[in-house]
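Visitor: Note that this note's numbering has the sequence shown beginning at 54, numbered continuously upward.
All C-beta atoms in this analysis are idealised placements derived from N, C-alpha and C, irrespective of residue type, glycine included.
Here it is: the structure, laid out below.
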Amino acid sequence: MIIVKLMGGMGNQLFQYAIGRSLAIRNESEFKMDILGYADQGELLTPRLYALNIFSVQENFASEKEIEKLKSNTSGSVVLALQRFGFFKKSNSFVIEPHFNFSSEILESGNNIYLQGYWQTEKYFKDVEDVIRKEFTLKEKFSIEEKEITKEIKNSNAVSLHIRRGDYVSSATTSKFHGICSLDYYEKAVRHIAEKTENPVFYIFSDDIAWVKENLKIDFPTKYVSDGILKDYEELTLMSYCKHNIIANSSFSWWGAWLNANPEKIVIAPKQWFADQSVNTSDVVPETWVKM
């Protein structure tokens, strides 16, 4: 059995599911998710919910007994120490992410393991890409397919542009670690797309559309998609329908771009993924994407 701990928002959960599913396929093993952490999040600044139920995933959940069986030989204090000092650790069956960049030894962990980490690189699941793409489609597409914005995107040279603010701005701790992409980054990305494509239309996604309208000026046709009514998974799907993508330092728009099936897509991503430059982020952006 492969169990993966889900934590964080939708983008993080997609990465966690992807590595767990990949290892389960590799080992011909049963795959389950640990979502118990979403039951009690205490006083988290940004509480999260389990978010994969709207996708065509293998929705099997691990019991407390199954989780405890695989985790029982490593204490929480040891886990934190291992994460802090960047060691890979497999204590019988408990596998903790050693660092942010790709660890090839994780793929050789074998069967009967519990995975804890963020696993933000396609290198953990690239060999089962077709499976992941299929399972990360919506169970019910009817609502999004009938929307006018969907038709517009599919009938234009659409470019998604995502600006993440939210707790990246409001929380001093989060801001110090993550940082935000500058207006200069977006302006350069827009110019690059405009030089490489004809008649681009920029579709703007953001958790702070008012700020974007006030501060980001684009000399090309622009549509503001985020309206407070669309669900997050609908926005993710709309990003994937665009021909090209400009993403933020965000796992959410990372997946919007990765799920884009256009073989000629241009994806622009920030070369500085975190404000904290001590974190090795060399593997988060796929090699075919443009870093700026």
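#1: Within the same chain, show all residues whose beta-carbon is closer than 6 Å to that of residue 277, passing over the 5 residues directly before and after it, in chain order.
#2: Evaluate residue 124 with the Cβ neighbour count: other Cβ atoms within 10 Å of its Cβ, from every protein chain shown; 16 or more gives buried, anything less gives exposed.
#3: Tell whether a beta-carbon distance below 7 Å holds between residue 345 and residue 239.
#4: Shortest alpha-carbon distance to residue 120 belongs to which of 68, 102 and 85?
#5: Taking only three categories from DSSP, how would you classify residue 259?
#6: Within the continuous beta strand (DSSP E) that includes residue 160, where are the two ends?
#7: Nearest-angstrom Cα distance between residue 82 and residue 312?
#8: Mind checking whether residue 211 and residue 254 have CB atoms under 7 Å apart?
#9: Give a yes or no on contact between the region 290-303 and the region 165-181, applying the rule of three or more CB pairs nearer than 8 Å.
#10: Could you give the distance in angstroms between the alpha-carbon of residue 327 and the alpha-carbon of residue 112?
#11: Can you tell me the Cα-Cα spacing of residue 88 and residue 77, whole angstroms?
#12: Does the Cβ-Cβ distance between residue 268 and residue 153 come in under 7 Å?
#13: In whole angstroms, give me the CA-to-CA distance for residue 156 and residue 149.
#14: Between the C-alpha atoms of residue 244 and residue 279, what's the straight-line distance to the nearest angstrom?
#15: Short of 6 Å in beta carbon distance, which residues of its chain neighbour residue 130, apart from the five on each side in sequence? Order them along the chain.
#16: So residue 271 is in the beta strand (DSSP E); what residue range does that whole segment cover?
Guide: Straight from the coordinates:
#1: Only 257 and 262 meet the Cβ criterion.
#2: With 16 or more other Cβ atoms within 10 Å, it is buried.
#3: For residue 345 and residue 239, no; Cβs fall outside 7 Å.
#4: 85
#5: strand
#6: Annotation: residue 160 is outside any beta strand (DSSP E) and is labelled neither H nor E by DSSP.
#7: 25 Å
#8: yes
#9: no
#10: Taking the CA atoms as reference points, residue 327 sits about 31 Å from residue 112.
#11: In a straight line, the C-alpha of residue 88 is about 18 Å away from that of residue 77.
#12: no
#13: 11 Å
#14: 22 Å
#15: Residue placement at residue 130 cannot be trusted, given a pLDDT of 37 that sits under 50; the coordinates are not used to answer.
#16: Note, residue 271: premise wrong, no beta strand (DSSP E); not H, not E.
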